[in-house]
Amino acid sequence: MSAFTWLCVFLVVGLLNAPIKGQYPAAVEGGKVLEDGKEENRGVADHHVVDEIIYAGNILRECVTHKDMECILSFYAPDVIVVPDGYPSYQGIDQLSTNLGWVQHVTVTKHDAQHIEPLEASGDLVLEVHAHDTVLPDGSHKKGKTALIWKRVHGWYRIIFEMYNDEY
């Protein structure tokens, strides 16, 4: 893997250590300490691109809810890198299209972002972390976290890196 890929993996792994319960992060008021003993310093950054990422994420959520594969794939860059839980990573929109077949057989809920932060001052690269809940055909639930790196491509944000895991 390239140096950029490894950087993304290490960054995302560090952020995935942040506990996510339900749809929203644990509320912290007056400098309280979270369950994991860390002071609250995570959350949504104050940056002009945050609203764009929230908007894009809401549309993506609708695409996933309606199982619209063309719509889902339109949010990904052609050379996207995907690191799925328990499986080898892969690269490219064609591989992603092949590997997303499972979406047709489950119900996926993408929750609001837990963490949105620009990775550079221009806002051309943005990190998003959110919780997800997948209802399997047998009715059981798999909850987990997803980390996305969005990149502005020709004025539009596209996902260039996706990593997700399930809480067991």
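All letters in the sequence shown, in the order written, are residues -22 to -1, 1 to 146 by mature numbering (1 follows the signal peptide of the UniProt record, and there is no 0).
We treat Cβ as the ideally placed atom computed from N, Cα and C, and that holds for glycine.
Note that the structure is a prediction, hence the values are computed from the model and not measured.
Between the stretch 124 to 143 and the stretch 57 to 73 there are three or more C-beta pairs closer than 8 Å, enough to call the two in contact. If the five residues before and after histidine 110 are omitted, its C-beta is found closer than 8 Å to the C-beta atoms of Val86, Thr87, Lys88, His89, Lys121, Gly122, Lys123, Thr124, Tyr142, all from its own chain and listed in chain order. The C-beta of valine 131 has fewer than 16 other C-beta atoms within 10 Å across all chains shown, which makes the residue exposed.
For glutamine 92, there is no enclosing alpha helix (DSSP H); the enclosing beta strand (DSSP E) has its first and last residue at 85 to 96. Burial state of isoleucine 94 is buried, judged by a 10 Å Cβ sphere holding 16 or more other Cβ atoms. Sequence-distant Cβ neighbours of leucine 114 in its own chain, meaning closer than 6 Å and more than five residues away, are Val84. Straight-line measurement puts the Cα of valine 107 at about 14 Å from the Cα of isoleucine 138. When Cβ pairs closer than 8 Å are counted between the two stretches, the stretch 67 to 81 is seen to touch the stretch 37 to 47, the count reaching three or more. When C-alpha distances from histidine 25 are compared across Pro66, Leu105, Tyr54, the shortest belongs to Leu105.
Counting only the Cα atoms, tryptophan 80 lies some 31 Å from proline 96. The alpha-carbon of tyrosine 33 is positioned some 30 Å away from that of glycine 117. Around the Cβ of glycine 64, a 10 Å sphere holds fewer than 16 other Cβ atoms; the residue is exposed. As summarised for the stretch 42 to 69, the continuous alpha helix (DSSP H) elements at least 4 residues long and confined to that stretch are 47 to 51, given in chain order. Leucine 114 carries a coil assignment under DSSP once its states are collapsed to helix, strand and coil. Our two residues, alanine 91 and alanine 99, have alpha carbons roughly 20 Å apart in a direct line.
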